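Written out below as structure tokens is the structure these notes cover.
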Amino acid sequence: VNCEFCSRYRTITGKCNKRRNSLLGACNRASADGCQQTFEDGVSVPHGCIHSYGHFLTHTFCFHPLQVQKVSNKIARFSPGQLKLDQQRSLTFMQWGHFIDHDLDFSPESPSRVAFSGKADCHTSCAKLPPCFPIQIPPNNPRIKNTRDRIPFFRSAPACDSSRATREQISALTSFLNGSMAFGSEQPLVSKLKNRNNKLGLLAVNHNFTDKGMAYLPSARMPCVKVSGKANVPCFFAGDSRASGMLELACMHTLFVQEHKCLARELKRLNPHWNGEKLYQEAWKIVGAMIQVPRHPPALLPSPMDSFLQGLQGVGGSCISSVFTMAFRFAHASIPFKTFFGVWHVVKGSKSYVGITEITGLLRLEKTSKIIQSNCHLLPIERIGLDLALNMQRGRDHGLPGKLTVAAELPKENK
Numbered sequence: 231v232n233c234e235f236c237s238r239y240r241t242i243t244g245k246c247n248k249r250r251n252s253l254l255g256a257c258n259r260a261s262a263d264g265c266q267q268t269f270e271d272g273v274s275v276p277h278g279c280i281h282s283y284g285h286f287l288t289h290t291f292c293f294h295p296l297q298v299q300k301v302s303n304k305i306a307r308f309s310p311g312q313l314k315l316d317q318q319r320s321l322t323f324m325q326w327g328h329f330i331d332h333d334l335d336f337s338p339e340s341p342s343r344v345a346f347s348g349k350a351d352c353h354t355s356c357a358k359l360p361p362c363f364p365i366q367i368p369p370n371n372p373r374i375k376n377t378r379d380r381i382p383f384f385r386s387a388p389a390c391d392s393s394r395a396t397r398e399q400i401s402a403l404t405s406f407l408n409g410s411m412a413f414g415s416e417q418p419l420v421s422k423l424k425n426r427n428n429k430l431g432l433l434a435v436n437h438n439f440t441d442k443g444m445a446y447l448p449s450a451r452m453p454c455v456k457v458s459g460k461a462n463v464p465c466f467f468a469g470d471s472r473a474s475g476m477l478e479l480a481c482m483h484t485l486f487v488q489e490h491k492c493l494a495r496e497l498k499r500l501n502p503h504w505n506g507e508k509l510y511q512e513a514w515k516i517v518g519a520m521i522q523v524p525r526h527p528p529a530l531l532p533s534p535m536d537s538f539l540q541g542l543q544g545v546g547g548s549c550i551s552s553v554f555t556m557a558f559r560f561a562h563a564s565i566p567f568k569t570f571f572g573v574w575h576v577v578k579g580s581k582s583y584v585g586i587t588e589i590t591g592l593l594r595l596e597k598t599s600k601i602i603q604s605n606c607h608l609l610p611i612e613r614i615g616l617d618l619a620l621n622m623q624r625g626r627d628h629g630l631p632g633k634l635t636v637a638a639e640l641p642k643e644n645k
């Protein structure tokens, strides 16, 4: 890789941002994960696939895990009386973690929707043939009565540039906290997100919908049109494709697009000789610095956890996949189930919409059984409604080490 280290700005793709290793943290490469993955065959087969894939139980980590759907149902069935308000953290705390997670972590699925060895359709087949890894339906499921059915699940695409003997997934984003969820991590996407109608260095905005003159994110072709029904409102287009998944997440994206606009205009006032590209880059640089200021983990974990985290440093270094595949997803249950892909609430001013000015209220875990048991599924656009069992299945897909595995590697004083 030919790098120009004299450049004033970091690269969009993350390449050359490290002098000693120009590809470290770059997008579309193996995840920068220091944790040891645990697979059923010791290489790539996730736990729970051994009989389908035809391998023998020869690895020391082999076990028969519980069905993820059964586990998620069990967790969800707690009494509403056990719900407690967090007196220390607001809902914005959760949403900030969700927002920066999308700056660092996105593992694309394998593009194939049929099994590599055969013609099994991953959408309907129960066979666990790569890349199909369907979620089984346990008996007495409160939402899906047909236990012969499966929730479709596709494994993350493996990386070809990994030097490890075990499977690693591709990271489509850079490993740098720089606001790429708003600006993009690849040049074609970055170019599409720029406002080409003027030389003010601004980002593109929506020309069909506004909020009292304030622009929304530009429109994209995604499932939001189907979810919005007669409102016929498309999803928002942003640097990360997940921006419209939840209303509050879309609000965060909108805020930072507006912040970039304010910064670019102020920079133009102070430096009238700057061209559009310089205004754009300088404003992005400031936004990236702003995003790096809040320290999310220390606010999440109690002070006694400091020594525990120090112990983890000797175990895995930068366990990126473990942190973002599981740890950062704990608050998915805090998201009201009716808001998934519901950006039309924002545009049409629905009374049921909870805006960014209202999410400063106290953090409360939404009763996840509403998501599992109601007809309003997590992703109502699919053949069969999906739910938070996907997170556990993704953990097995990535070979994340379990609690006992990590605890066994910790120093005695941190166990």
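When we follow the working numbering, the leftmost residue of the sequence shown carries the number 231, and every step to the right adds one.
Every residue, glycine too, gets a C-beta built ideally from N, C-alpha and C.
None of the values given here were measured: they were computed from a predicted structure.
Of P388, E507, T404 and A445, the smallest CA-CA separation from E339 is found for P388. Of all alpha-carbon atoms in C390, I365 and T377, the one lying nearest the alpha-carbon of F384 is that of I365. Within the model, the alpha-carbon separation for R495 versus W514 is close to 12 Å.
Going by C-alpha positions, Y446 is about 11 Å away from A468. The Cβ atoms of E512 and L497 lie closer than 8 Å to each other. Per DSSP, the continuous alpha helix (DSSP H) segment holding D627 begins and ends at A619 to D627. Between the stretch 317–329 and the stretch 479–491, the count of Cβ pairs shorter than 8 Å is three or higher; the stretches touch. Membership of Q417 in the alpha helix (DSSP H) is indicated by the continuous run Q417 to K422. For A350 and L359, the gap between their C-alpha atoms comes out near 8 Å.
In this structure C246 is buried. Its beta-carbon is surrounded by 16 or more other beta-carbon atoms within 10 angstroms. If you compare the alpha carbons of S347, V487 and T404 with that of I516, the shortest gap goes to V487.
DSSP places Q318 in the uninterrupted beta strand (DSSP E) bounded by D316 to S320. Per DSSP, T404 lies in no alpha helix (DSSP H) and is assigned neither H nor E.
In the structure shown, R249 falls within a coil segment according to DSSP collapsed to helix, strand and coil. For V344, no alpha helix (DSSP H) run applies, since DSSP gives it neither H nor E.
If you draw a straight line from the Cα of M520 to the Cα of N408, it comes to about 9 Å. Of the residues G475, S449, F406 and P361, the one whose Cα lies closest to the Cα of S274 is P361.
Here N303 is buried, its C-beta having at least 16 other C-beta atoms within 10 Å.
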